[in-house]
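When you read off a place in the sequence shown, starting at 1, and then add 487, the result is the number in this note's numbering. Where is the CB? At the ideal position from N, CA and C, for every residue including glycine. Quantities reported herein were computed from a predicted structural model and do not represent experimental measurements.
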Amino acid sequence: MPIHTGRDIHALDVAQGDASVDRTSIYVYEAPLRAWHWINALALTILAVTGYFIGQPLPSVPGEASDASLMVAIREIHFITAYVLAIGWLVRIYWAFVGNPHSRQLFKLPFWRKSYWNGVVWEASWYAFLRKEPKKYVGHNPLAQFVMFTVFTVGMFFMIITGFALYSEGAGIDSWQYALFGWVFDIFPNSQAVHTWHRLGMWIFVTYVIVHVYAAVREDILSRQSMISTMISGERMFKDNRDD
Ligand code: HEM
488 MPIHTGRDIH
498 ALDVAQGDAS
508 VDRTSIYVYE
518 APLRAWHWIN
528 ALALTILAVT
538 GYFIGQPLPS
548 VPGEASDASL
558 MVAIREIHFI
568 TAYVLAIGWL
578 VRIYWAFVGN
588 PHSRQLFKLP
598 FWRKSYWNGV
608 VWEASWYAFL
618 RKEPKKYVGH
628 NPLAQFVMFT
638 VFTVGMFFMI
648 ITGFALYSEG
658 AGIDSWQYAL
668 FGWVFDIFPN
678 SQAVHTWHRL
688 GMWIFVTYVI
698 VHVYAAVRED
708 ILSRQSMIST
718 MISGERMFKD
728 NRDD
C-alpha cells in the first residue's frame, strides 16, 4: 500500500512489502502546531457555548441589575477566549511559514491539480464505505484537506473578522478594532446581520467539530494509521496491511 506524501514531501523510505516491518512511524506535526490544535479546540468549545448564550440569553433574575452579572461574565469569557483564538491563529499562520511542509497544508487547496480531485472522490467513496482498502497519507487526505480549507480555515477568518467587527461596536469608532474591522459594516446591511452570520458560523463550526472528531476516530480504527495519538505525539504510525 503506497503512502501518499503530498507534493512537497520527499518520498519516504518505507519498507513496503517487507514482512519484517510491521510499523512505520513518521514525524508529522511539530510541537507548536500540536499545542495550537488543542488550545484552539478548547477555545472553540468555550466560544461556541458562551456565544450560544449571548444570542439566547438566560432568563433575567429578579433583584438589583448589578447583582445579575452572569451574562456579563459570559460575554467577558467570550471576549477573553476570542483573543486567545485570534492570537493563536496569528501564531498558526506564522508557523505555516517556518514549520515543516505539513504545517502549510491547512492553507492550501491544489485546485488546479486533477490528481488531487481524483483523490477527493476516492476518499469520499472510502468514507462512504464503498472501498475496502484505505489509502495512506502522511498529512491530511485530499478530502480532509478540502473540508479543512473551505470550512475551517475560511471559517476561522470569517469568525475572527466578524467577531472583532462586533466587538468594535462596543469599543468605539476610534478603537483599533473599528479601524481594522469597521469595513465589515459596509458589506453587511446592518449590525444584526453580522450577529446572525457570526451565529451561523458557530453552527457551522459545531457541525465541523462533530464531523472532524467522527472522521478522526473512524480513520484511527479503520485506516490502520494513527490519527488521534498523532496530534499528541506528532508521530504518524502506519500499521501493517497484511490480512493475516
Ligand atoms: C469560532 C469562534 C467563535 C464562535 C463559535 C463565536 C460564537 C458567537 C455567537 C454564537 C455569538 C452570538 C451571536 C448572536 O446571536 O448575536 C457571538 C457574539 C459575539 N462574538 Fe463571537 N464567536 C467566535 C469568535 C469571536 C471572536 C474571535 C470575537 C472577537 C472579539 C468574537 C466577538 C463576539 C462579539 C463582540 C459578540 C457580540 C456580543 C454581544 O452582542 O453582546 N467572537 N459569538
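According to the DSSP assignment, residue 686 belongs to the alpha helix (DSSP H) that extends over 678–709. Relative to ligand 1, the beta carbon of residue 683 is positioned inside 8 Å of a heavy atom. Only buried fits residue 592, as 16 or more other CB atoms lie within 10 angstroms of its CB. Distance from the CA atom of residue 717 to the CA atom of residue 542, rounded to whole angstroms, is 36 Å.
Put simply, of 574, 665 and 726 the residue whose alpha carbon is nearest the alpha carbon of residue 654 is 665. For residue 606, the CB contacts under 8 Å within the same chain, skipping 5 residues up- and downstream, are 491, 622, 628, 629 and 630 in chain order.
Here residue 514 is bridged, per DSSP, to 722.
For residue 646, the enclosing alpha helix (DSSP H) covers residues 641–658. In the DSSP annotation of this structure, the continuous segment of the alpha helix (DSSP H) that includes residue 629 starts and ends at 629–634.
Distance from the C-beta of residue 569 to the nearest heavy atom of ligand 1 is below 8 Å. With a cutoff of 9 Å on beta-carbon distance, residue 516 and residue 589 are scored as near each other. Inclusion of residue 565 in the 8 Å shell around ligand 1 follows from its C-beta lying nearer than that to a non-hydrogen atom of the ligand. Distances taken from the Cβ of residue 614 to the heavy atoms of ligand 1 include none shorter than 8 Å. Short note on residue 701: C-beta not closer than 8 Å to any heavy atom of ligand 1.
Annotated as proximal: residue 513 and residue 625, with beta-carbon spacing under 9 Å.
The DSSP assignment places 510–514 as complete runs of the beta strand (DSSP E) inside the region 508–573, in order along the chain (cut-off: 3 residues). When the beta-carbon positions are compared, residue 637 and residue 685 stay at least 9 Å from each other. Taking C-beta atoms as the reference points, residue 646 and residue 616 fail to come closer than 9 Å.
When the Cα atoms are used, residue 578 and residue 544 turn out to be separated by approximately 33 Å.
Residue environment: residue 694 is assigned as exposed (fewer than 16 neighbouring CB atoms within 10 Å of its CB, all protein chains considered). The straight-line gap separating the alpha-carbon atoms of residue 698 and residue 535 is approximately 16 Å. Leaving aside the five residues that flank residue 660 on each side, the residues in its chain whose CB is nearer than 8 Å to its CB run, in chain order, 669. Between residue 524 and the set 651, 708, 696 and 687, the nearest pair of CA atoms involves 696. By the neighbour-count definition (other C-beta atoms within 10 Å, threshold 16), residue 538 is a buried residue.
As computed with DSSP, residue 592 is found in no beta bridge at all. Here residue 664 is not bridged, per DSSP, to any residue.
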